[in-house]
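Worksheet: one structure, shown below.
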Amino acid sequence: EPEVTQTPSHQVTQMGQEVILRCVPISNHLYFYWYRQILGQKVEFLVSFYNNEISEKSEIFDDQFSVERPDGSNFTLKIRSTKLEDSAMYFCASHSYNEQFFGPGTRLTVL
Amino acid sequence: GQNIDQPTEMTATEGAIVQINCTYQTSGFNGLFWYQQHAGEAPTFLSYNVLDGLEEKGRFSSFLSRSKGYSYLLLKELQMKDSASYLCAVRSPTGGGNKLTFGTGTQLKVEL
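Next comes the structure, spelled out in structure tokens:
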């Protein structure tokens, strides 16, 4: 069964450093998303992406965040200058119509 | 704005039936999703409702009433492995992105 994959599974970085989180959505899906979940809190929407552009973004997704689809399969989230409060699980998701599938997540720890 | 409410915790007995409720007030509605999430893992899709009524899928069923802003997830023949957090999420087309807005999740504990 096709699935969303994400790398790395864990990322530890120093405050102020740039990180890139990578995702490979399900191949025939057209809508891609990034969500995050701070430990013990609810899943929060960050950004949606369709037709090679951002279709919606939340208040969390400020100028420090960017997304890119550099080729036909990868979808990346970049955080330019990480802060302590960026520590969370980051989930990539993709959907075709009724089902939105999540990847296994990247646990980002900012020290 | 978006507001989704579900109980924080529930406890049930192995083999029993449990119903997890979810109420929502959202600007725009394009379907309600239920996900299961084990600690430290990704949400796993369980069900999707866009029309009123009951959708059944094995031991899991989900109900939606759009006029009442209400849904429930019904789990039958509970097993220990069903101990997890159950997330209610509403999809909204506003902004063009079809984003999901999640509730805080209901932590279900299944006991012997």
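Protein chains in written order, with this note's numbering: chain A, 1 to 111; chain V, 1 to 112.
Backbone N, C-alpha and C define an ideal beta-carbon position, used for all residues, glycine too.
In this text the structure is predicted, and so the values were computed from the model without any measurement.
- Message: Within 9 Å of any Cβ in chain A, is that where the Cβ of lysine 109/V sits?
- Response: Taking the first residue of the second sequence as position 1, residue 109/V is located at position 109. Taking Cβ atoms only, chain A never reaches closer than 9 Å to lysine 109/V, which makes this a no.
- Message: Assuming valine 67/A and isoleucine 54/A are in contact, meaning their beta carbons sit under 8 Å apart, how far apart are those beta carbons, in whole angstroms?
- Response: For the purposes of this step, residue 67/A is taken as the residue at position 67 of the first sequence. For the purposes of this step, residue 54/A is taken as the residue at position 54 of the first sequence. With 8 Å as the limit, valine 67/A and isoleucine 54/A qualify as a contact, their Cβ atoms being about 7 Å apart.
- Query: Using a Cβ-Cβ distance under 9 Å, would valine 24/A count as near chain V?
  - Reply: By one-based count along the first sequence, residue 24/A stands at place 24. By this cut-off, valine 24/A is not an interface position.
- Query: Is any beta-carbon of chain A found at less than 9 Å from that of alanine 89/V?
  - Reply: Working through the second sequence from its first residue, we reach residue 89/V at position 89. Closer than 9 Å: yes.
- Going by the CB atoms, is the gap between alanine 42/V and proline 104/A shorter than 9 Å? Residue mapping note: residue 104/A aligns to position 104 of the first sequence, counting from 1. Residue mapping note: residue 42/V aligns to position 42 of the second sequence, counting from 1. Contact flag set, yes.
- Query: Going straight from the alpha carbon of leucine 51/V to that of tyrosine 70/V, what length do you get?
  - Reply: Start at 1 with the first residue of the second sequence, and residue 51/V comes out as number 51. Start at 1 with the first residue of the second sequence, and residue 70/V comes out as number 70. Going by the C-alpha atoms only, they are around 12 Å apart.
- Query: How many angstroms separate the CA atom of glutamate 117/V from the CA atom of threonine 44/V?
  - Reply: This structure gives no information on residue 117/V, because the portion of chain V shown stretches from 1 to 112.
- Query: Are alanine 93/A and tyrosine 50/A closer than 9 Å when you measure CB to CB?
  - Reply: Along the first sequence, read from residue 1 onward, the residue named residue 93/A stands at position 93. Along the first sequence, read from residue 1 onward, the residue named residue 50/A stands at position 50. Result no, Cβ atoms of alanine 93/A and tyrosine 50/A do not sit closer than 9 Å.
- Interface partners of glutamate 99/A on chain V, CB under 7 Å: The residue labelled residue 99/A in the question sits at position 99 within the first sequence. Neighbours of glutamate 99/A on chain V, chain order: Phe45 and Tyr48.
- Taking the alpha-carbon positions, what's the leucine 108/A to tyrosine 86/V distance? Residue mapping note: residue 108/A aligns to position 108 of the first sequence, counting from 1. Residue mapping note: residue 86/V aligns to position 86 of the second sequence, counting from 1. Distance between the alpha carbons of leucine 108/A and tyrosine 86/V is about 23 Å.
- Query: How long is the line joining the alpha carbons of glutamine 146/V and asparagine 21/V, rounded to whole angstroms?
  - Reply: The requested residue 146/V is not part of the displayed model; chain V covers only 1 to 112.
- Between the CA atoms of glycine 16/A and glutamine 19/V - distance to the nearest angstrom: Here residue 19/V refers to the residue found at position 19 of the second sequence. Here residue 16/A refers to the residue found at position 16 of the first sequence. Cα to Cα, the separation comes out at about 45 Å.
- Contact belief for leucine 75/V with isoleucine 4/V at Cβ below 8 Å, rounded distance in angstroms: As a working mapping, residue 75/V is identified with position 75 in the second sequence. As a working mapping, residue 4/V is identified with position 4 in the second sequence. Not really, about 19 Å apart at Cβ, beyond 8 Å.
- Task: Quick one: list the residues of chain V neighbouring serine 96/A, beta-carbon separation under 9 Å, in chain order.
- Result: Indexing the first sequence from 1 puts residue 96/A at position 96. Those within 9 Å of serine 96/A in chain V number zero; the least Cβ separation is about 11 Å.
- Query: Of all the beta strand (DSSP E) runs that stay within the bounds of the segment 16-71 of chain V, which reach a length of 3 or more residues?
  - Reply: 18-25, 32-37, 44-49, 53-57 and 60-65
- Query: Based on the DSSP output, what are the partners of lysine 57/A in its beta bridges?
  - Reply: Here the question's residue 57/A lines up with position 57 in the first sequence. DSSP lists Val47/A as partners of lysine 57/A.
- Message: Short of 7 Å in beta carbon distance, which residues of its chain neighbour cysteine 84/V, apart from the five on each side in sequence? Order them along the chain.
- Response: Translated into the one-based positions of the second sequence, residue 84/V becomes position 84. Position check: residue 84/V holds alanine in this sequence, whereas cysteine was assumed. Correct list, in chain order: Gln36, Gln37, His38 and Leu108.
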